[in-house]
Amino acid sequence: MIVEVKNLVKRYKDVLAVDNVNLNIQEGEIFGLLGPNGAGKTTTINVLTGLSKADGGEIKISGRNLNTHEMEIKQDLGIVPQDIAVFEDLTAYENLCYFARLYRLKGPLLKERVEEALEFTGLTEKKDIYPKKFSGGMKRRLNIACAIMHHPKLIILDEPTVGIDPQSRNHILESIKKLNQLGSTVIYTSHYMEEVDEICTKIAIMDHGRVIAKGTGDELKAFVAVDEKVTAELASVNYTIVDNIKKIRGVKDCSINGKQLVVVSEKHSKNLGSIINAISDTDTEILSLNAEKPTLEGVFLTLTGRKLRD
Amino acid sequence: MGILNISYYTFLKNIRDWKYVALLIIAPLVTIMITGYSTSNIDKHTLTTKKVIAVYIEDKGDISDKFNTLLKSPDVKNAFDIRFESSYNDGYNMVLYGKADTFIYLGKGLSKSFNSSGNSGIKVYSDNSVPAAKLLVEGFENSLNTINAISGIKSKPVIADVPNAVNEVSVQPIGKTPSGLDRWTYLNMLIFLFYGALLGSFGVINGVRKNTLLRFNIAPIGRYSNVTGQFLGNLLTLFLCSAVTIIASRLLFGSNWNGNIVLILLSFLFYSSISISLGMIFGYISRKISLCTVVILCVNVLFVNATNALSPDVGFFKYVNIVSPHNYVYKAITNTVFSGADSKSLASVAALAIEAILLFVLTAAAGRRRTA
Ligand SMILES: Nc1ncnc2c1ncn2[C@@H]1O[C@H](COP(=O)(O)OP(=O)(O)OP(=O)(O)O)[C@@H](O)[C@H]1O
Ligand SMILES: [Mg+2]
Chain A
4 MIVEVKNLVK RYKDVLAVDN VNLNIQEGEI FGLLGPNGAG KTTTINVLTG
54 LSKADGGEIK ISGRNLNTHE MEIKQDLGIV PQDIAVFEDL TAYENLCYFA
104 RLYRLKGPLL KERVEEALEF TGLTEKKDIY PKKFSGGMKR RLNIACAIMH
154 HPKLIILDEP TVGIDPQSRN HILESIKKLN QLGSTVIYTS HYMEEVDEIC
204 TKIAIMDHGR VIAKGTGDEL KAFVAVDEKV TAELASVNYT IVDNIKKIRG
254 VKDCSINGKQ LVVVSEKHSK NLGSIINAIS DTDTEILSLN AEKPTLEGVF
304 LTLTGRKLRD
Chain B
2 MGILNISYYT FLKNIRDWKY VALLIIAPLV TIMITGYSTS NIDKHTLTTK
52 KVIAVYIEDK GDISDKFNTL LKSPDVKNAF DIRFESSYND GYNMVLYGKA
102 DTFIYLGKGL SKSFNSSGNS GIKVYSDNSV PAAKLLVEGF ENSLNTINAI
152 SGIKSKPVIA DVPNAVNEVS VQPIGKTPSG LDRWTYLNML IFLFYGALLG
202 SFGVINGVRK NTLLRFNIAP IGRYSNVTGQ FLGNLLTLFL CSAVTIIASR
252 LLFGSNWNGN IVLILLSFLF YSSISISLGM IFGYISRKIS LCTVVILCVN
302 VLFVNATNAL SPDVGFFKYV NIVSPHNYVY KAITNTVFSG ADSKSLASVA
352 ALAIEAILLF VLTAAAGRRR TA
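Taken in sequence, the protein lines are chains A and B.
Quick note: to get this note's numbering, add 3 to the position in the first sequence (first position is 1).
Quick note: to get this note's numbering, add 1 to the position in the second sequence (first position is 1).
Take a look at the structure:
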């Protein structure tokens, strides 16, 4: 167990930012912390990394207490803060050297690790440019590069993809997977459920300072009683389709609304192929097809009655 | 190791910012040029308006001849504008109507009575309580008494000694008091270098605003490393700026730095340290750049005005000067450059050192890493 958090509480005056949170993170995981704005994700991370003091609870990282083993634990941590934290009047290369030296890197190893981080985040060609001239995505990538040079055992990324283009976002998500393959455990916070769903091996959903659900993506989705829904737009209407489809395994309901066919099945029915066959058998052309599977968004909606993003 | 790393990059950021170079080197030099040059011209002007001395010599005798010779000597002519009058009333009226500073009157039978009594009886009339002419006359009388004393032994008085005695009281040897240029060089440097405090404030506040402070808080470095590293980087910047300004003011304008250079540099080192500490402390407390700027400005104005260069060391300013780094530096420089009083200068440097150390301790306390 690389991270053990027990009954963590953090208060800001009358705001209970973290309310009795328990987390157990295994080595090698990509652990997603999903939650809407103000859920308490950043606060949890700040307490975890010693940036702010907990009002209650217990934290162990690699089995050690932060208060008694501060230096060793910090050496093992790589933190990518939510807000970009680089010096705008030092070049990308200088920023990296500066922060790498704080982790006792020096000499040829320092140079090697800085080059490696630049390569890793795709900034090698921009290394002599001042970050004030960087695009948002490039700044985000530099922000990540600053945290990985000392090859930390645990990398914590706090919303590293906020406000950037899809290209940079994909680059970042790929990087995170690669870092994980290279042996780092990752904690990843986001309020983008697609991202968390895509890369995380374990997910905790937070709301109002509490963890309201935990598990793998599939476990969480299974936990929610959401039906799968298939909608198809047809070129012509043929009512025999409805009868045929209703016979398919897992189908709970089928109806035609104008030219639109709606099929509702139990979750995990895996019957999309059969539905398509049933339509094709009647020689009806399918103009478009849309299959909705249960999502983490749906999970959140079921649990809180609210959408993840308003 | 960690501290020196932080110092190095702090320094690098500072010197890359042309605003600081402009504020800490170019601005003082330009101001020295403007104020220093204009005041040294004023000095020259006041030197050329010599004091007018009216003289009426009614006596005919050896003393009067000697005095006459003295008045016509080049040294006296350089220092005073001597006007020979033709009657007692003329001379007296010159002073009465403000046309002369002093009226010197050598009455009838003066030489004779001196030779018998040893009292010259030269009269000096003036509207000024300590007229320069009075010193001239006193110097003359002293020389007469000396000559008298010697003449008994050697029986051959040497009149050439007389102007020397006068010289002492009437002419200030060049370089012994700060000229306008020198004063403005020191003052302007003190004024502008004090704004180096902003280096400290900005560094501290930007660390919070741009989140970079966070990187130091999560790194495996000691709780005093960041504050100490920043302090040293800023100190190096400001101290180098003062050294450059000293050299430039000397080369460009000929400002006087001919004292003990170690004492001068030490005083600026501690002065820089005090400015930086104050700036950082204000930064940690207020967390607002505008507030820091205003506070530093006010403190600077107060300290500058309290210095001995601009105000007498009495009353309120006397208390201000107990803590004012400006006045300690001013005293340290003027003592070593103009009086050669290195021990007095050293005392000021020591006071600066104590203040610098105290403020650094406060800075470290204010800026140590905390968990909130
Ligand atoms: N320094 C602070 N002082 C007072 N309240 C705070 C502070 N930091 C956070 N909070 C409050 O704590 C709660 C949790 O905030 P936190 O930043 O942890 O949320 P988050 O999940 O990271 O949100 P986001 O997705 O917007 O980053 C919020 O209600 C916030 O207003
Ligand atoms: Mg956050």
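Idealized CB from N, CA, C, for every residue including glycine.
{"Item": "What are the partner residues of E356 of chain B, as DSSP defines its beta bridges?", "Value": "According to DSSP, E356 of chain B bridges with nothing at all."}
{"Item": "Any heavy atom of ligand 1 closer than 7 Å to the Cβ of Q85 of chain A?", "Value": "yes"}
{"Item": "Do Y191 of chain A and I202 of chain A come within 8 Å of each other at the CB atom, strictly closer than that value?", "Value": "yes"}
{"Item": "Would you call R309 of chain A buried or exposed, if buried means 16 or more other Cβ atoms sit within 10 Å of its Cβ?", "Value": "exposed"}
{"Item": "Below 8 Å, can you find three or more Cβ-Cβ pairs linking the segment 194-210 of chain B to the segment 286-294 of chain B?", "Value": "yes"}
{"Item": "Give the interface partners of Y106 of chain A over in chain B, defined as CB-CB distance under 7 Å, in chain order.", "Value": "A220, P221"}
{"Item": "Between K13 of chain A and ligand 2, is the CB less than 7 Å from at least one heavy atom?", "Value": "no"}
{"Item": "At a threshold of 7 Å, does D161 of chain A count as lining ligand 4 (C-beta to nearest heavy atom)?", "Value": "This structure does not include ligand 4; its bound ligands are ligand 1 and ligand 2."}
{"Item": "Is any heavy atom of ligand 1 found at a distance shorter than 7 Å from the C-beta of A20 of chain A?", "Value": "yes"}
{"Item": "Would you report the Cα separation of S138 of chain A and N183 of chain A, rounded to the nearest angstrom?", "Value": "26 Å"}
{"Item": "State the DSSP-derived secondary structure class of K142 of chain A, mapped to helix, strand or coil.", "Value": "helix"}
{"Item": "Short of 6 Å in beta carbon distance, which residues of its chain neighbour Q85 of chain A, apart from the five on each side in sequence? Order them along the chain.", "Value": "T45, D161, E162"}
{"Item": "Please list, in chain order, all residues of the same chain as F254 of chain B whose beta carbon is under 8 Å from its beta carbon, the five residues on each side excluded.", "Value": "I33, M34, G37, Y38, L182, T186"}
{"Item": "Comparing the C-beta of C257 of chain A with each C-beta of chain B, is any distance below 8 Å?", "Value": "no"}
{"Item": "How long is the line joining the alpha carbons of L264 of chain A and G38 of chain A, rounded to whole angstroms?", "Value": "34 Å"}
{"Item": "Could you name the residues of chain A that N6 of chain B contacts, counting a contact when the two beta carbons are closer than 8 Å?", "Value": "Y101, R104, L105"}
{"Item": "What would DSSP say about N260 of chain A, mapped onto helix, strand or coil?", "Value": "strand"}
{"Item": "Given a threshold of 16 other Cβ atoms within 10 Å of its Cβ, counted over all protein chains shown, does I323 of chain B qualify as buried or as exposed?", "Value": "exposed"}
{"Item": "Run down chain B in chain order and give the residues with a C-beta less than 9 Å from the C-beta of A88 of chain A.", "Value": "K211, N212, T213, L214, L215, R216"}
{"Item": "Which residues in chain A sit within 8 Å of R445 of chain B, going by Cβ to Cβ distance?", "Value": "Nothing can be reported for residue 445 of chain B: it is not among the residues displayed for chain B, which extend from 2 to 373."}
{"Item": "Once the 5 residues before and after I215 of chain A are set aside, which same chain residues still bring their CB inside 6 Å of it?", "Value": "I208, L306"}
{"Item": "Which residue from B:A307, B:I83, B:K332, B:I58 puts its Cα closest to that of Y320 of chain B?", "Value": "B:A307"}
{"Item": "Any heavy atom of ligand 1 closer than 7 Å to the Cβ of T45 of chain A?", "Value": "yes"}
{"Item": "Using a Cβ-Cβ distance cut-off of 8 Å, determine whether I82 of chain A contacts chain B.", "Value": "yes"}
{"Item": "Does the distance from the C-beta atom of N241 of chain A to that of T287 of chain A stay below 8 Å?", "Value": "yes"}
{"Item": "DSSP beta-bridge partners for L25 of chain B?", "Value": "L25 of chain B pairs with nothing; no bridge assigned."}
{"Item": "Residues of chain A with CB under 8 Å from Y10 of chain B, in chain order?", "Value": "F90, L93, E97, Y101"}
{"Item": "Three-state secondary structure (DSSP) at I190 of chain A?", "Value": "strand"}
{"Item": "For the pair the segment 326-341 of chain B and the segment 252-268 of chain B, tell me if three or more CB-CB distances fall below 8 Å.", "Value": "yes"}
{"Item": "Compare the C-beta of K20 of chain B with all C-beta atoms of chain A and state if any pair is closer than 8 Å.", "Value": "no"}
{"Item": "With a threshold of 16 other CB atoms inside 10 Å of the CB of H327 of chain B, please say whether the residue is buried or exposed.", "Value": "buried"}
{"Item": "Can you tell me which of A:K270, A:I206, A:D210, A:A95 puts its alpha carbon nearest to the alpha carbon of K130 of chain A?", "Value": "A:A95"}
{"Item": "May I ask you to list, following chain order, the residues of the segment 35-64 of chain A that have a beta carbon less than 7 Å from some beta carbon of chain B?", "Value": "T52, G53, L54, S55, K56"}
{"Item": "Can you give, in chain order, each stretch of the beta strand (DSSP E) that sits fully within the segment 42-66 of chain A and has at least 3 residues?", "Value": "59-64"}
{"Item": "Compute every distance between the C-beta of G41 of chain A and the non-hydrogen atoms of ligand 1, then say whether any falls below 7 Å.", "Value": "yes"}
{"Item": "In three-state terms, what does DSSP make of E236 of chain A?", "Value": "strand"}
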